[in-house]
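> Protein chains in written order, with our numbering: chain A, -7 to 222; chain B, -7 to 222.
Yeah, the Cβ is synthetic: ideal placement off N, Cα and C, and Gly gets one too.
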DNA sequence: CGCTTTGATATTATCGACAAGACGGCAGAG
DNA sequence: CTCTGCCGTCTTGTCGATAATATCAAAGCG
């Protein structure tokens, strides 16, 4: 599977492109939760044949970003509060461990990567206030993910990073579905600052605490908003 | 209205069968680590076409049981000590959490499932002494897996169970590659007994400790034997 | 004598078409 | 009027063939 961190240069494979596009459309909510994924529609949407499409859907199914029903095709998974809380709990466990190990083991290059990623995220955060608030900027999503990836990048466990990436995709689908809560946003941005501080200070325990609180706050906000929507 | 869930024991899907067969052959070592997986060979081996084969390989690639190289097909992943230790460490973390939660939350049905799974494993363990020692009985592998799955089944976290299953597959590939160590086997069987005892006694901490030691002992044994083989 | 190039071979990735199975409407019986 | 069984239509799952790409070996050039 291609983690969000790895970057494939360009013309590599149709099926890999389809995989990324489909994943992005599912995580972003462009493809509604619970909706069927008909082959003819997807083939027209992405301009590909059946084989690479099936391949992409199979890979997504392994990561639980689509569900396959026997002889009844694929669907984007329905949302469920229990599922989301399970994802959040496990993500806290794994990503907390990862950031602690990363903070302890990270070298200068890791530290610089964290600083750079945070700067890019923060700069966009300021500009973001200006345009219409409705559209969640895709660029912010990418930089936010890049920052969180940078924090745990030096943990030394490829499998932890892989599972964190899978869980982050799942988590973001719910978060983006719920929409943003302006009141929580300031605290979340402060926590980003604190994560940066803790990383630079090599305070692994503090980094773990803040990250756990960061994810938990996001989870609670999302749960609150989702309850209101349903 | 009819029992749609219980039907279709055989006619599921060619691609799902291929997925299971390929996974079994990779975990068991029938397909050697690092070897290329040529389409013509696999199509002949499993008697299927290209589409379901690609679908199965894609799903396996998401679980890291095969690796895909761009425009160069699929391979069974090479073995690496660092990879195995990463898998083992993460498996200890997740499966320990899972058995602790399961022991605390499990109901009577869970308890009975554990007892039954252990009985089936133990009964086979006795008979197993008789036939030739060389062939690792596939039935033992299945019952061993079933026992470990039963222990964590009530943990309440589907995602934890999913990741544990993925890691267990990865772990077993190395374990079966290394072969059995007769000297460790008695301790490992004793630990199975202890796990059963702790589960029945609802001693979550002890269950977690024993399971961690169980996996760690297996890991150390495998590492020792692999070093000798390489 | 070694390195690069170039052509032939082999393998993969993709496409379009066929067959098997599910879904939904309609008619007939109770 | 309602329920049940059946048939047409649609969707999926699979196959074989085609186009694109990598691999390998030998020959030409530096």
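#1: Counting only beta-carbon atoms, is residue -2 (chain B) nearer than 8 Å to chain A?
#2: Shorter than 8 Å from the beta carbon of residue 174 (chain B) to some beta carbon of chain A?
#3: Consult DSSP for residue 204 (chain A) and reduce its assignment to one of helix, strand or coil.
#4: Leaving out the 5 sequence neighbours to the left and right, which residues in its chain are closer than 7 Å to residue 145 (chain B) when beta-carbon positions are compared?
#5: Does any C-beta atom of chain A lie closer than 8 Å to the C-beta of residue 62 (chain B)?
#6: Determine which residues of the segment 148 to 169 of chain A have a Cβ less than 9 Å from any Cβ of chain B, and write them out in chain order.
#7: Could you say which of B:98, B:140 and B:222 lies nearest to residue 169 (chain B) if we only look at CA atoms?
#8: With 16 as the cutoff for other CB atoms within 10 Å, does residue 208 (chain A) come out buried or exposed?
#9: Under the rule that 16 or more other beta-carbon atoms within 10 Å means buried, what is residue 187 (chain A), buried or exposed?
#10: Which one of A:73, A:195, A:50 and A:71 has the shortest CA to CA distance from residue 62 (chain A)?
#11: Based on Cα-Cα distance, which residue from B:67, B:41, B:24 and B:77 lies nearest to residue 214 (chain B)?
#12: For the segment 33 to 50 of chain A, enumerate the residues whose C-beta is nearer than 7 Å to any C-beta of chain B, in chain order.
#13: For residue 183 (chain A), collect the residues of the same chain with a Cβ closer than 6 Å to its Cβ; drop the 5 residues on either side in sequence, then sort them by chain order.
#14: What in chain B is Cβ-close to residue 82 (chain A), meaning under 7 Å?
#15: Of all the CB atoms in chain B, is at least one closer than 8 Å to the CB of residue 55 (chain A)?
#16: So, residue 193 (chain A) versus residue 91 (chain A), is the Cβ gap smaller than 8 Å?
#17: Rounded to the nearest angstrom, what separates residue -3 (chain A) and residue 217 (chain A) at their Cα positions?
#18: Consider the Cβ of residue 79 (chain A): report whether some Cβ of chain B lies at a distance smaller than 8 Å.
#19: Does residue 5 (chain A) have its Cβ less than 8 Å from a Cβ in chain B?
#20: Give, in chain order, every unbroken run of the beta strand (DSSP E) that is at least 3 residues long and sits entirely within the segment 67 to 147 of chain A.
#21: Taking only the alpha-carbon atoms, compute the straight-line gap between residue 9 (chain B) and residue 79 (chain A) and give it to the nearest angstrom.
#22: If we call anything under 8 Å between Cβ atoms a contact, is residue 52 (chain B) one with residue 28 (chain B)?
#23: Rounded to the nearest angstrom, what separates residue 156 (chain B) and residue 109 (chain A) at their Cα positions?
#24: For residue -5 (chain A), name the three-state secondary structure that DSSP assigns.
#25: Classify residue 59 (chain B) as helix, strand or coil using the three-state DSSP reduction.
#26: Could you check whether residue 159 (chain B) and residue 57 (chain B) sit closer than 8 Å to each other, using their CB atoms as the reference points?
#27: Which residue wins for smallest C-alpha separation from residue 143 (chain B), given the options B:89, B:179 and B:129?
#28: Measure how close the beta-carbons of residue 24 (chain A) and residue 68 (chain A) come, nearest whole angstrom, since I'm counting them as under 8 Å.
#29: So, for residue 55 (chain B): in the same chain, excluding its five sequence neighbours on each side, which residues have a beta-carbon less than 6 Å away from its beta-carbon?
#30: Could you check where the alpha helix (DSSP H) with residue 162 (chain A) kicks off and where it finishes?
Per the coordinate set shown:
#1: Reading the second chain from its first residue, position 6 is the one you call residue -2 (chain B). Because residue -2 (chain B) carries a pLDDT of 31, less than 50, the predicted location of this residue cannot be relied on, and the following value inherits that uncertainty. Cβ-Cβ to chain A under 8 Å: no for residue -2 (chain B).
#2: Looking up residue 174 (chain B) in the second chain gives position 182. With 8 Å as the cut-off, residue 174 (chain B) does not count as an interface residue toward chain A.
#3: To locate residue 204 (chain A), count along the first chain from 1; it is residue 212. Residue 204 (chain A): helix per DSSP, three-state reduction.
#4: On the second chain, residue 145 (chain B) is found 153 positions in, with the first residue counted as 1. Closer than 7 Å at Cβ, skipping near neighbours: 94, 102 and 105.
#5: What you label residue 62 (chain B) is simply residue 70 of the second chain in a count that begins at 1. Yes, its Cβ sits closer than 8 Å to a Cβ of chain A.
#6: 148, 149, 150, 151, 152, 154, 155, 158, 159 and 162
#7: On the second chain, residue 169 (chain B) is found 177 positions in, with the first residue counted as 1. The shortest Cα separation from residue 169 (chain B) among B:98, B:140 and B:222 belongs to B:222.
#8: The count along the first chain starts at 1 and reaches residue 208 (chain A) at position 216. Exposed, since its Cβ has fewer than 16 Cβ neighbours within 10 Å.
#9: Counting from one through the first chain, the residue named residue 187 (chain A) turns up at place 195. The residue in question, residue 187 (chain A), is buried, as its Cβ has 16 or more Cβ neighbours within 10 Å.
#10: Within the first chain, residue 62 (chain A) is the residue found at index 70, counting from 1. For the residues A:73, A:195, A:50 and A:71, the minimum Cα distance to residue 62 (chain A) belongs to A:50.
#11: Taking the first residue of the second chain as position 1, residue 214 (chain B) is located at position 222. Of the listed residues, the one whose Cα sits closest to residue 214 (chain B) is B:77.
#12: 43, 46, 47 and 50
#13: On the first chain, position 191 is the one that residue 183 (chain A) refers to. Result list for residue 183 (chain A): 202 and 206, in chain order.
#14: One-based indexing of the first chain puts residue 82 (chain A) at position 90. By Cβ distance, chain B contributes 149, 151 and 152.
#15: As a working mapping, residue 55 (chain A) is identified with position 63 in the first chain. Closer than 8 Å: yes.
#16: Here residue 193 (chain A) is taken as the residue at index 201 of the first chain, counted from 1. Here residue 91 (chain A) is taken as the residue at index 99 of the first chain, counted from 1. No, the pair does not count as a contact, with Cβ atoms beyond the cut-off.
#17: Numbered from 1 along the first chain, position 5 holds the residue referred to as residue -3 (chain A). Numbered from 1 along the first chain, position 225 holds the residue referred to as residue 217 (chain A). Residue placement at residue -3 (chain A) cannot be trusted, given a pLDDT of 33 that sits under 50; the coordinates are not used to answer.
#18: As a first step, residue 79 (chain A) is located in the first chain; it is residue number 87 there, counting from the start. It does: the Cβ of residue 79 (chain A) has a partner Cβ on chain B nearer than 8 Å.
#19: Sequence index remark: in the first chain, residue 5 (chain A) carries index 13 (1-based). Closer than 8 Å to some Cβ of chain B, the Cβ of residue 5 (chain A) qualifies, so yes.
#20: none
#21: For the purposes of this step, residue 9 (chain B) is identified with residue 17 of the second chain, where counting begins at 1. For the purposes of this step, residue 79 (chain A) is identified with residue 87 of the first chain, where counting begins at 1. Roughly 29 Å between the two C-alpha positions.
#22: For the purposes of this step, residue 52 (chain B) is taken as residue 60 along the second chain, with counting starting at 1. For the purposes of this step, residue 28 (chain B) is taken as residue 36 along the second chain, with counting starting at 1. Result no, Cβ atoms of residue 52 (chain B) and residue 28 (chain B) do not sit closer than 8 Å.
#23: If you number the second chain from 1, residue 156 (chain B) lands on position 164. If you number the first chain from 1, residue 109 (chain A) lands on position 117. Rounded to whole angstroms, residue 156 (chain B) to residue 109 (chain A) spans 32 Å at the Cα level.
#24: Taking the first residue of the first chain as position 1, residue -5 (chain A) is located at position 3. With a pLDDT of 40 at residue -5 (chain A), under the threshold of 50, the predicted position of this residue should be treated as unreliable, though the coordinate-derived value follows. Three-state result, residue -5 (chain A): coil.
#25: Within the second chain, the letter at position 67 stands for residue 59 (chain B). It is a strand residue.
#26: In the second chain, the residue the question calls residue 57 (chain B) occupies position 65. In the second chain, the residue the question calls residue 159 (chain B) occupies position 167. Result no, Cβ atoms of residue 57 (chain B) and residue 159 (chain B) do not sit closer than 8 Å.
#27: As a position in the second chain, residue 143 (chain B) is number 151, starting the count at 1. It is B:89.
#28: Here the question's residue 24 (chain A) lines up with position 32 in the first chain. Here the question's residue 68 (chain A) lines up with position 76 in the first chain. That belief holds up - the Cβ atoms of residue 24 (chain A) and residue 68 (chain A) are roughly 7 Å apart, short of 8 Å.
#29: Counted from its first residue, the second chain places residue 55 (chain B) at position 63. The answer, listed in chain order, is 158.
#30: Translated into positions along the first chain, residue 162 (chain A) becomes position 170. Start and end: 150 to 170.
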